[in-house]
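Data first, discussion second: the structure below is written as structure tokens.
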Amino acid sequence: MPYDEKTVNQVREMIAERTDNVVEKVMFGGLCFMVEDKICIGVKKDTLLARIAPEVYDAEVEKDGRAPMIHGGKPVKTYLFVNLDTIHNYQDLAWWVKQCLDYNPIAPLSQAKQKAKAKSKD
Numbered sequence: 001m002p003y004d005e006k007t008v009n010q011v012r013e014m015i016a017e018r019t020d021n022v023v024e025k026v027m028f029g030g031l032c033f034m035v036e037d038k039i040c041i042g043v044k045k046d047t048l049l050a051r052i053a054p055e056v057y058d059a060e061v062e063k064d065g066r067a068p069m070i071h072g073g074k075p076v077k078t079y080l081f082v083n084l085d086t087i088h089n090y091q092d093l094a095w096w097v098k099q100c101l102d103y104n105p106i107a108p109l110s111q112a113k114q115k116a117k118a119k120s121k122d
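Residue numbers for the sequence shown follow UniProt numbering, so the first one is 1 and each next one is one higher.
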């Protein structure tokens, strides 16, 4: 199993409380939740992938059990891997899900999706 089923089910329930515009996709070796056509949060093995606001990222990245997502040799400032061992209870997980959902409306679309959206307007 590429992801922790219990965590996935909890994340699924938490997201459903706030939106129904969600699609689950197998990505990055785990399961990602796409909200409004953007990566919002994911679960891979024993790790949470959180897409969070830059200021939350800055406050969390240096803590134990955290690691930036690296793309092209550089950290991606709004994507953070969080070891599930550092998420001790439902409330901790709910905090992460809230951070991801709160950032999602202002998070940019991927470059590919921006290009596709621009083409569809032509």
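Each residue gets a CB set at the ideal place from its N, CA and C atoms; glycine is no exception.
Between residue 97 and residue 103, the alpha-carbon positions lie close to 10 angstroms from each other. Per DSSP, residue 77 has no beta bridge partner at all.
As DSSP reads the structure, residue 33 sits in a beta bridge with 24 and 41. DSSP places residue 16 in the uninterrupted alpha helix (DSSP H) bounded by 5-16. Per DSSP, reduced to three states, the secondary structure at residue 47 is strand. The secondary-structure analysis by DSSP pairs residue 61 with nothing; it has no beta-bridge partner.
Nearest to residue 45 by alpha-carbon distance, out of 35, 63 and 31, is 31.
Only buried fits residue 50, as 16 or more other CB atoms lie within 10 angstroms of its CB. Residue 14 and residue 87 have their C-alpha atoms some 15 angstroms from each other.
Per DSSP, the beta bridge partners of residue 71 are 74. In the DSSP assignment, no residue is bridged to residue 104.
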